[in-house]
Amino acid sequence: MKILGIESSCDETAAAVVEDGTRVLSDVVRSQVDIHRRFGGPVPEIASRSHLEVIVPVIEEALSRAGLAASAIDAVAVANRPGLIGALLVGLAAAKALALALDKPLIGVNHLAAHIYASWMEGGAPPETPFVALVVSGGHTSLFRFDQPFEPVEIGSTADDAAGEAYDKVAAILGLGYPGGPIIDEVARAGDGARFRFKPPLLARDGLDFSFSGIKTAVLYRVTGRSAPHEPLPLSEQNVRDLAASFQEAVISGLLSASFRAVRRARAAALVVGGGCAANSRLRERFAEEAAAHGVRLFLPARARSTDNAAMIAGLGYHLYRLRGADGLALDAYPTS
Ligand code: KG4
Ligand code: ZN
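Just so you know, we're using my numbering here: the sequence shown kicks off at 221 and counts up by one.
Rendered as C-alpha cells:
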C-alpha cells in the first residue's frame with residue numbers, strides 16, 4: 221500500500237511516499253529556515269503563506285521522485301495536530317483536495333506520534349510494550365507511556381518552553397544564529413560542559429514534567445552578569461563554547477533523569493526518543509550510554525528523520541489506516557495534541 225504523506229505543522233513543507241509503512245519511495249522536505257531566520261523563530265502567518273506557495277510543487281516532487289502518478293497512490297495521510305493552526309490547515313486542505321479528486325482514503329496523523337514512529341520505522345517491528353517515549357522538538361517536550369504500540373498516553377510535558385525552543389533562544393543569547401539546535405550541537409563539542417553549573421530543566425526533582433524558562437534565564441544572567449556576584453561574561457569564543465556545552469549538559473541530564481524515571485515507573489524495557497533534538501549528537505551519545513547501563517533498549521530515529529518530515533507521517537498513516545480505517549473529509553486540524 222503506497223501512502224502519500226503531507227507535513228506542514230510548523231516551518232517545513234514536506235511530502236513523501238512510503239510503501240507499507242516502512243519502504244520510503246520519496247521524501248521531500250522544503251525548509252523555511254531562511255525565511256524565518258531574521259525573526260529568530262518561525263512567524264506563524266509567514267509560515268502559512270510559505271506553505272501555500274510550495275505545497276503543490278513539493279507534493280508533485282514527492283510523486284515524481286517515487287516514479288508514480290497521483291492516481292497510483294492508495295491513500296493520503298496528513299499531519300493534522302498539533303502545530304501552528306494556519307500552517308496545519310494548508311497541508312490539510314491539500315490532502316483533502318487530493319483525497320477527494322482521486323477518491324482515496326484520507327488519514328489524519330498526530331505529528332508527535334509520528335516523531336515517535338520515526339524511531340522504529342526503519343526496523344519495522346515496534347518496541348515491546350509497555351514502552352516509554354520522549355519527544356523533544358521545537359514545539360514540544362513530552363513523555364508518553366505506550367501500553368499498545370499506537371496508543372500514547374502523555375505522562376509528562378513542559379510547563380513553558382520546549383527543549384528545541386530553549387536551544388534556539390540560548391543560541392540567540394550567545395550570538396550563534398538560527399536554528400540554534402544544530403549550531404549548539406557543533407559549538408559545544410569544543411566546550412567544557414562542567415564549567416558552568418546550570419540546573420537541569422525539571423519542574424520538580426522527582427517528577428516527569430519539564431521547565432526550560434529557568435535555564436534560559438540562567439544563561440542570560442550569567443552572560444549579562446545580573447546573577448550577582450558574577451561579572452558580565454564577554455562572549456569570547458571559549459566562553460561561548462563552554463556556555464553552550466554547560467547548557468547542553470544540564471538539558472540532557474534533565475531529559476535523561478525524567479525519561480529513565482518514567483521507564484522505571486512503567487517497568488518498560490524500551491525507551492524511544494524522537495523529534496528535532498533527537499538529532500543532537502551529545503543527546504544520542506548520553507542516552508545510548510544510560511540505556512546500556514540500565515539494560516533498556518533504545519530506539520532513535522536516523523538523524524535525518526529526527527527533524528520534521530513527511531515519511532514519518534505516511535509511515536504511521538499506514539498503521540493507523542489498518543487499525544481504524546480512514547477519517548473522512550470532515551477531518552479537522554488542531555493546535556494541541
Ligand atoms: O521536530 P522539529 O523539526 O520541529 C518541531 O516539531 O518543532 O524540531 C525542531 C527543533 C528546533 O528547535 C531545532 O533547533 C532542534 O529541533 N534541533 C536540534 C538539533 N537539530 C534540530 N536541537 C539540538 N541539536 C540538534 N542537532
Ligand atoms: Zn516536529
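Even for Gly, the Cβ is constructed at its ideal location relative to N, Cα and C. Quantities reported herein were computed from a predicted structural model and do not represent experimental measurements.
Around the ligand ZN, Cβ to any heavy atom closer than 5 Å, ordered along the chain: S357, D528
Quick one: any contact between the stretch 464 to 473 and the stretch 397 to 409, if contact means 3 or more CB pairs under 8 Å? yes
Candidates A353, R502, V248, F507: closest to V524 by CA position: Position 304 of the sequence shown, counted from the start, is the residue given in the question as residue 524. Per the sequence presented here, residue 524 reads as Ala, with Val not at that position. Out of A353, R502, V248, F507, V248 has the C-alpha closest to the C-alpha of A524.
Whole-angstrom distance between E280 and A566, CA atom to CA atom: The requested residue 566 is not part of the displayed model; the chain covers only 221 to 557.
Sub-7 Å separation of A319 and L326 beta-carbons: In the sequence shown, residue 319 corresponds to position 99, counting from 1. In the sequence shown, residue 326 corresponds to position 106, counting from 1. For A319 and L326, yes; Cβs fall inside 7 Å.
Beta-carbon within less than 6 Å of H335's beta-carbon, same chain only, minus the 5 sequence neighbours each way: which residues are those? What you label residue 335 is simply residue 115 of the sequence shown in a count that begins at 1. Here the set comprises V355, G494, G495.
Which residue wins for smallest C-alpha separation from V274, given the options V443, A499, S228? As a first step, residue 274 must be located in the sequence shown, where it is residue number 54. Comparing Cα positions, the closest option is S228.
Could you name the residues of the same chain whose beta carbon sits closer than 7 Å to that of R285, not counting the 5 residues immediately before and after it, in chain order? Position 65 of the sequence shown holds residue 285. Excluding residues within five positions, the ones whose Cβ falls inside 7 Å are S246, V248.
I believe L423 touches S433 by the beta-carbon criterion, under 8 Å. Please report the beta-carbon distance rounded to the nearest angstrom. The residue given as residue 423 occupies position 203 in the sequence shown. The residue given as residue 433 occupies position 213 in the sequence shown. Between S433 and L423 the Cβ distance is about 11 Å, and since that is not below 8 Å, they are no contact.
Spatial distance of V398 from R257 (CA atoms): Here residue 398 refers to the residue found at position 178 of the sequence shown. Here residue 257 refers to the residue found at position 37 of the sequence shown. The amino acid at residue 398 is misidentified as Val; the sequence shows Tyr. The alpha-carbon atoms of Y398 and R257 are separated by roughly 6 Å.
Backbone CA spacing between D528 and S447 [nearest angstrom]: By one-based count along the sequence shown, residue 528 stands at place 308. By one-based count along the sequence shown, residue 447 stands at place 227. So the alpha carbons of these two residues sit roughly 37 Å apart.
Consult DSSP for N459 and reduce its assignment to one of helix, strand or coil. If you number the sequence shown from 1, residue 459 lands on position 239. In this structure, N459 counts as helix in the three-state DSSP scheme.
What span of residues does the beta strand (DSSP E) with S246 cover, start to end? Here residue 246 refers to the residue found at position 26 of the sequence shown. Where S246 is concerned, the enclosing beta strand (DSSP E) stretches over 243 to 251.
Going by other Cβ atoms of all chains shown within 10 Å of its Cβ, with 16 needed for buried, is H514 buried or exposed? Along the sequence shown, read from residue 1 onward, the residue named residue 514 stands at position 294. Exposed: under 16 other Cβ atoms inside 10 Å.
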